[in-house]
Structure formats: structure tokens, C-alpha cells
Amino acid sequence: MANRANRHVVEAILDDKVEDGDVYYLIKWSGYSNRRNSWVISEDLDADFLLPQYLQNKSNKFFEDFVDQDEINEKEEFFEKSLETINEVKGKIEEIENRLSAKTKGKDLRGVKQLINKNVQTGQEIQLLEDRLNEISKKVNKMNEKKHFAVPELIEKVEELVVRFNSLHEPLERMRAELDESMGWHQLAFDVDVELQWIGEKKLIVECPQLGHSLTEVQQLVKRHEQLIYELDCHQPLVTELLNKGRKLANTDGINKHSCHQEIDAKCLELSNSWKNLMEISINRRNLLNKAHSREQLLFELSEAENWLSEKNKQIETREGAISEGH
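For what it's worth, the UniProt record's numbering labels the leading residue of the sequence shown as 1, then goes sequentially.
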């Protein structure tokens, strides 16, 4: 130690301690960082001017002016990185706030599904933000234990972010509920449109004006129509179920109506009227086909009778001719 004290110039005395009855001083060497600070026994210390000054200023912690520059740089770097992270989180929160303030609920089933997926992604982003906030909060609190000069400012900024972050949950859940409600309406509208298209296709068949020009044609048309009637009877429960679903959706809990209850009621009425119309014209066509069948059946029987009479007449004429020739 004595050789080292003689080789280097003492810049400052930072601390002292007593070990085994000997006094040691923590020396800051001129031209070296604090990593090279070392303890020197008082007997080897060559600091006639600095030692009295150190002892004089010890009460007001004069040696604190020689804080490790590396530590200062570390604290400044921590502040800058923390501030950068806080600003990033703040920007993300503002982005999510704007997203959650949007009033759109989707114009169709596809649009609503896309918005629901985005809402799920937003929830995941909020979860990640919570993790980042917790992480930065822990780091700031840990640095606060080291009496970082800028920690109060960082704590204030983090607390502001926490308040804004917590305010995201309510609009997120509200938007989720609104989208679920919108999803119910657009899913119903889609299902009803599918049924209306199906009804329209069957209506084109039922409205066919052709009634047949012979008994065989009429019988074929009657058979096809009976198959259609059977198909309609099998389809009836699906229409009824969809109408019940729509009425239930319009009156969600029996008290509060769906925000689109008027559109739902109108859509259900459209389906109900279209179905009733299809059933009416199918019954009407059955009656027309039955009449056509009766007519063609009668004509067929008359034709058969005429043919029979014609055949009998020919037979009678043949007999009479034979008798005449015999006489």
C-alpha cells in the first residue's frame, strides 16, 4: 500500500474505517475512475493537506462531491430509457383510447367479425401494456431506493399512465358488448337473407304457369309439386325457429330492447310474409293442378269412351255388312 500511495497522487479522501485498531482511508486517485479507489492505512497516506480538510468537512459529507461518474451516467441512462418507455406506453394508450372511442359497429356480418377480432387484439395489447407498466413501475421504485434525482418525476408520470391505463377497461368491455349485440343482429339478418333467397327460388317454381296439356304431364307436375310441398313442410321448423330467435333477440331480456330492435322486427316480418306468401301460392298451385288433373282425367276417360264407342260402332258395322252379304 505504501508504494501505491507514493506512486499516485491523492485527489480526495472519500471515507474512513477502523480495522484492528488501525485507521484506513478510502482514496480517490487523481486520473483514475472510482473503480480504482482503494483503502490506505493512515501510516502510508501522503496527504498532509487533504487529510485535515477531509476531517474538517466530514460532518457535511464533503466527499459526496466525488460521486462515481459511472454511477451518474448510469442514472442518467436509466432516466432517459425510462422516459422513452413511458412515452412509448403513453403513445400506445392514446392509440387504444382513440380506437375505443370509435362508434362503428360494422355494416354487415363480415365487418362485425373483423371488428370483434380487432377488439380481441386490443384486449391483448392492453394486457401487454399492463406488463410493461408493472415492469417500469418496479424499476422506478427500485431506483427510488437509491435516491435517484429524477425518480419523483418518473413516479408522477407512471402514476398518470396507470390512471389512463385503468380507464381503458370500461370502454373495452362496452365496445365488446356493443359488438356482440351488433353481431347478433347481423347474424340474424344474414340467416334471414339466406332463407329469403331459398324462398325466392321455391317461389319461382311454384309460380310456374304451366299446368300440363295431357293427363301424363299433369300427373308429373302434381308429383313434383307434392315433393315440393313435402320439402316446404320439412323446412317450416327452420323458419319458425329463426323467427323465434329474431323476436327473442329484439327483446333481449324481456325488458330492454335490442338497439336494432326495429330492424330486427322488420326483417322478421319480411321473412314471415315471404313464407306465408310461398305457402299460399303453393296451396293455390296445388288446387290448380288438382283441377287440371280432374279435367285431364275426365278428358282421358271421355277419349277412352269415344274410342270404345268407335270400336263398337266399327264392330256393329262389320256385322251388319256381313249379314247383308249373306242374304
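Every residue, glycine too, gets a C-beta built ideally from N, C-alpha and C.
Mapping the DSSP letters down to three states, classify residue i as helix, strand or coil.
i, result
"D46", "coil"
"K107", "coil"
"residue 332", "There is simply no residue 332 to check, as the chain begins at 1 and stops at 327 in what is shown."
"S259", "coil"
"A12", "strand"
"residue 406", "No answer is possible for residue 406: the residues shown for the chain start at 1 and end at 327."
"S82", "helix"
"Q236", "helix"
"S182", "helix"
"Y32", "coil"
"A292", "helix"
"G212", "coil"
"A102", "coil"
Cβ atoms of residue j and residue i: under 9 Å apart, would you say?
i, j, result
"G106", "M183", "yes"
"D180", "I116", "yes"
"V218", "A292", "yes"
"L242", "L271", "yes"
"H169", "I199", "no"
"G212", "E296", "yes"
Around the C-beta of residue i, are 16 or more other C-beta atoms found within 10 angstroms, so that it is buried, or is it exposed?
i, result
"E160", "exposed"
"E207", "exposed"
"G246", "buried"
"W29", "buried"
"C260", "buried"
"L204", "exposed"
"Y24", "buried"
"V194", "exposed"
"R285", "buried"
Per DSSP, which residues does residue i bridge with? Please list them.
i, result
"V120", "Paired residues: none, contrary to the question."
"G230", "The question names Gly, but residue 230 in the sequence shown is Tyr. Y230 is not bridged to any residue."
"I205", "Paired residue(s): none; I205 is not in a bridge."
"K17", "Y24"
"W39", "L26"
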